[in-house]
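Visitor:
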Amino acid sequence: MDKNKIKALAEYVHNAEKDKKEILKITADLHPSLSIDEAYLVQEELIRQKLEDGHQIIGPKMGITSEAKMKQMDVDDPIYGYVFDNMIVEEGDSISISDYIHPKVEPEIGFILGKDLEGPGVTTLDVLRATEHVFPAIEIIDSRYENFNFTLPDVIADNTSAAGAVFGTYLRKPEELELDVVGVTLSINGEVQSLGAGAAVLDHPAKSIARLANMLSKKGEKVKAGQPILSGGITAAVRLSPGDFVSAKYGGLGDVSFFVKE
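Below you can see the structure in the form of structure tokens.
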């Protein structure tokens, strides 16, 4: 794919995000044969455009981290994207539904490394040894595609539907918890919407960070110390509506919440 095509596709999804208007997936018409490798090139151009607009990367995020989902989509690796500074929602604060297209939420376990990790060959144990803290988080996803209808390359090109992140303030050392059995309850307006445990993320959320480091190494990049990293959704994503109070409670890892207004 030539550079002009890459730029045009990145602008296509970028403009949809800025205008809060849903679009048809890239593979529907614009580039039906879009591959995973090409999709990451589009994502890289999208990231460049965001940086050019003055936004800053806060940290990476993982997606498609369910083994069942990976098998369903016939892929060997999860996918990754990036959370930007304009996506951050303070814990306990509120968002406006009008700032999104059709937002959903999913609870995640966040990691902060004490040292950089560079693949290939990074293991789950390497991640646990390098992790300074873990924390509770809620990711807001908001695919720019109509009705959340997309293929894997489409969602990669769209920065994995990244739209927001609420980082909890409760920090724990990874050795203080068994992260694969940490339970999570996602509630909307006091009613439980979904339940899960850390093992839903590639059997162990630290394994997701290891996979990220190994995937980035193919581009000569690494997972950086000090950046908050979202390891992947623990439960199914839940659609948001105005007036919602969203809360995720974690066993041994505190809770995180926010409000939704018009």
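Numbering follows this note's numbering, with no gaps: position 168 of the sequence shown is 338. Heads up, the beta-carbon is just placed ideally off N, CA and C, and yes, glycines get one too. Given the structure is predicted, the values throughout are model-derived calculations rather than measurements.
Is V351 helix, strand or coil by DSSP?
Guide: In the sequence shown, residue 351 corresponds to position 181, counting from 1. Reduced to three states, the DSSP call for V351 is helix.
Visitor: Take E187 and list the residues in its own chain whose beta-carbon comes closer than 6 Å to its own, dropping the five residues that flank it on each side.
Guide: Within the sequence shown, numbered from 1, the residue matching residue 187 stands at position 17. Answer for E187: R314, listed in chain order.
Visitor: Give the straight-line distance between the Cα atoms of R381 and L211, rounded to the nearest whole angstrom.
Guide: By 1-based counting over the sequence shown, the position of residue 381 is 211. By 1-based counting over the sequence shown, the position of residue 211 is 41. The alpha-carbon atoms of R381 and L211 are separated by roughly 19 Å.
Visitor: To which residues of the same chain is I326 closer than 7 Å at the C-beta, ignoring the five residues directly before and after it?
Guide: Numbered from 1 along the sequence shown, position 156 holds the residue referred to as residue 326. Result list for I326: I206, A209, Y210, Q213 and I249, in chain order.
Visitor: Exposed or buried, which one is D324 when buried takes at least 16 other CB atoms within 10 Å?
Guide: Against the sequence shown, residue 324 aligns to sequence position 154. So D324 counts as buried.
Visitor: With distance defined between alpha-carbon atoms, name the residue in D255, A198 and G289 nearest to L221.
Guide: For the purposes of this step, residue 221 is taken as the residue at position 51 of the sequence shown. When only C-alpha atoms are compared, the closest one is D255.
Visitor: Where DSSP assigns a beta bridge to A332, which residues make up the other side?
Guide: On the sequence shown, position 162 is the one that residue 332 refers to. A332 is bridged to I311.
Visitor: In this structure, does DSSP put S411 in helix, strand or coil?
Guide: Here residue 411 corresponds to residue number 241 of the sequence shown, with the count starting at 1. Here S411 sits in coil by DSSP.
Visitor: Reducing DSSP to helix, strand and coil, say where H303 ends up.
Guide: Position 133 of the sequence shown holds residue 303. Three-state DSSP puts H303 in a strand.
Visitor: Assuming A367 and M257 form a contact by the criterion Cβ under 8 Å, report the distance between their Cβ atoms to the nearest whole angstrom.
Guide: The residue given as residue 367 occupies position 197 in the sequence shown. The residue given as residue 257 occupies position 87 in the sequence shown. Rounded, the Cβ-Cβ distance is 26 Å, inconsistent with contact.
Visitor: Give the straight-line distance between the Cα atoms of G289 and N359, rounded to the nearest whole angstrom.
Guide: Here the question's residue 289 lines up with position 119 in the sequence shown. Here the question's residue 359 lines up with position 189 in the sequence shown. Answer to the nearest angstrom: the Cα atoms are 42 Å apart.
Visitor: Along the chain, where does the beta strand (DSSP E) containing L400 start, and where does it finish?
Guide: Here residue 400 refers to the residue found at position 230 of the sequence shown. From DSSP, the beta strand (DSSP E) with L400 extends over P398 to G403.
Visitor: For D207, name the three-state secondary structure that DSSP assigns.
Guide: Taking the first residue of the sequence shown as position 1, residue 207 is located at position 37. DSSP places D207 in helix when its eight states are reduced to three.
Visitor: For P323, name the three-state secondary structure that DSSP assigns.
Guide: If you number the sequence shown from 1, residue 323 lands on position 153. If DSSP states are grouped into helix, strand and coil, P323 belongs with the helices.
Visitor: Decide if N329 is buried, meaning its Cβ has at least 16 other Cβ atoms within 10 Å, or exposed.
Guide: Counting from 1 along the sequence shown, the entry for residue 329 is found at position 159. With 16 or more Cβ atoms within 10 Å of its Cβ, N329 is classed as buried.
Visitor: Pull up the distance between the alpha-carbon of E302 and that of A418, whole angstroms please.
Guide: By 1-based counting over the sequence shown, the position of residue 302 is 132. By 1-based counting over the sequence shown, the position of residue 418 is 248. Answer to the nearest angstrom: the Cα atoms are 22 Å apart.
Visitor: Hey, K285 and A395: beta-carbon distance below 7 Å or not?
Guide: The residue you call residue 285 lines up with position 115 of the sequence shown. The residue you call residue 395 lines up with position 225 of the sequence shown. Taking 7 Å as the Cβ cut-off, K285 and A395 qualify as a contacting pair.
Visitor: So, helix, strand or coil for S387, using DSSP?
Guide: Translated into positions along the sequence shown, residue 387 becomes position 217. Of the three classes helix, strand and coil, the one that applies to S387 here is helix, per DSSP.
Visitor: Alpha carbon to alpha carbon, how far is F429 from S264?
Guide: Translated into the one-based positions of the sequence shown, residue 429 becomes position 259. Translated into the one-based positions of the sequence shown, residue 264 becomes position 94. Near 4 Å, if we compare the C-alpha coordinates of S264 and F429.
Visitor: Which class does E346 belong to by DSSP, given the choice of helix, strand or coil?
Guide: For the purposes of this step, residue 346 is taken as the residue at position 176 of the sequence shown. Looking at E346 - three-state DSSP - the assignment turns out to be helix.
Visitor: Under 7 Å, Cβ to Cβ, is there at least one residue of chain C near S205?
Guide: Of the protein chains in this structure there is only one, and it is not chain C.
Visitor: How many whole angstroms separate the CB atoms of G403 and E276, which I take to be in contact at a CB cut-off of 8 Å?
Guide: As a working mapping, residue 403 is identified with position 233 in the sequence shown. As a working mapping, residue 276 is identified with position 106 in the sequence shown. Right, the Cβ-Cβ distance comes to about 4 Å (below 8 Å), so this counts as a contact.
Visitor: Identify every residue that forms a DSSP beta bridge with G229.
Guide: Working through the sequence shown from its first residue, we reach residue 229 at position 59. For G229, which the question treats as bridged, DSSP gives the partners V253.
Visitor: So does L423 have its beta carbon nearer than 6 Å to some heavy atom of the ligand NAD?
Guide: You won't find the ligand NAD in this model; it holds no ligand whatsoever.
Visitor: Can you round the beta-carbon distance between Y270 and K190 to whole angstroms, since I take them to be within the 8 Å contact cut?
Guide: Numbered from 1 along the sequence shown, position 100 holds the residue referred to as residue 270. Numbered from 1 along the sequence shown, position 20 holds the residue referred to as residue 190. Their Cβ separation, rounded to whole angstroms, is 7 Å, which keeps Y270 and K190 in contact under 8 Å.
Visitor: Are I193 and L179 closer than 7 Å when you measure CB to CB?
Guide: Translated into the one-based positions of the sequence shown, residue 193 becomes position 23. Translated into the one-based positions of the sequence shown, residue 179 becomes position 9. No, they are not a contact pair.
Visitor: Do the CB positions of V352 and Y420 come within less than 7 Å of each other?
Guide: As a first step, residue 352 must be located in the sequence shown, where it is residue number 182. As a first step, residue 420 must be located in the sequence shown, where it is residue number 250. A contact, by the Cβ cut-off of 7 Å.
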